[in-house]
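J.: First, the structure itself, so that you have it in front of you.
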Amino acid sequence: MDFGLKEARALIADPVLWPRVRAYLAAGGEFRAFPKGPGRIALADGATRRQIALWREGLAKADGWRKVVDGAQVRALREAYPGVYPEIFRYMAYFERFRPLDPDSDEVVMLLLKLRFPEVYALCSS
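Listed below in C-alpha cells is the structure:
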C-alpha cells in the first residue's frame, strides 16, 4: 500500500470515488490510491476504457490515416476503430499544441477526456 491510513479513510469516505473503487476491487484490482489524473481511468467501466484506448491509439495514428484514400482501407479503419475513425480528424486541431503528439502524456489524455469523455474527465479531475 503506497498511502497511509488517513488517505485510505478519505478514499472510503468519498461518496463519488469509493463506489467506483469498490467495483474496481471486486473486478480483481488492487487497493491503491487514486490521485487526481488519468490513473483514475481504471475506475471507468470496461466499454469506456476500451473506447478511450481506441481514441489514444487513434491520436498516435491520425497523421498516417490522413493519407488513406483507398475505399477498402477506409472501411477497414472504420471497422477497426468504430467511433474513432474518421471522427478523430475533427479533434486533431485541439492537439496541435502538443506536437510531437504523445498519446500517453497526462496533458494529452486529460484533453481527450475533456473533449470526448466528460464523465471520466470529471472523475479524473475531481
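According to this note's numbering, the sequence shown is numbered sequentially starting from 92.
Ideal Cβ positions, reconstructed from N, Cα and C, are used throughout, including at glycine.
These figures come from a predicted structure and were not determined experimentally.
#1: When you compare only the Cα positions, how much space is there between ARG113 and GLU121?
#2: At which residues does the alpha helix (DSSP H) containing MET201 begin and terminate?
#3: When you compare the segment 197–217 with the segment 129–136, are there three or more beta-carbon pairs, one atom per stretch, that lie closer than 8 Å?
#4: Quick check: what's the CA-CA separation for PRO106 versus ARG190?
#5: For ASP57, which residues of its own chain have a beta-carbon under 8 Å away from its beta-carbon, when the five flanking residues on both sides are left out?
#6: Going by other Cβ atoms of all chains shown within 10 Å of its Cβ, with 16 needed for buried, is ARG131 buried or exposed?
#7: Near TYR172, which residues of its chain fall below 7 Å by C-beta distance, leaving aside the five closest residues on each side in sequence?
#8: Quick one: using the 10 Å Cβ neighbour count with 16 as the cut-off for buried, is ALA153 buried or exposed?
#9: List the whole-angstrom C-beta distance separating ARG147 from LEU203, where the pair is believed to meet the contact cut-off of C-beta under 8 Å.
T.: From the atom records:
#1: 10 Å
#2: 197–207
#3: Of all C-beta pairs linking the segment 197–217 to the segment 129–136, three or more are shorter than 8 Å, placing the two stretches in contact.
#4: 38 Å
#5: Since the first residue of the chain shown is 92 and the last is 217, residue 57 is not available in this structure.
#6: buried
#7: LEU145 and GLY149
#8: buried
#9: Sure, about 7 Å apart at Cβ, within 8 Å.
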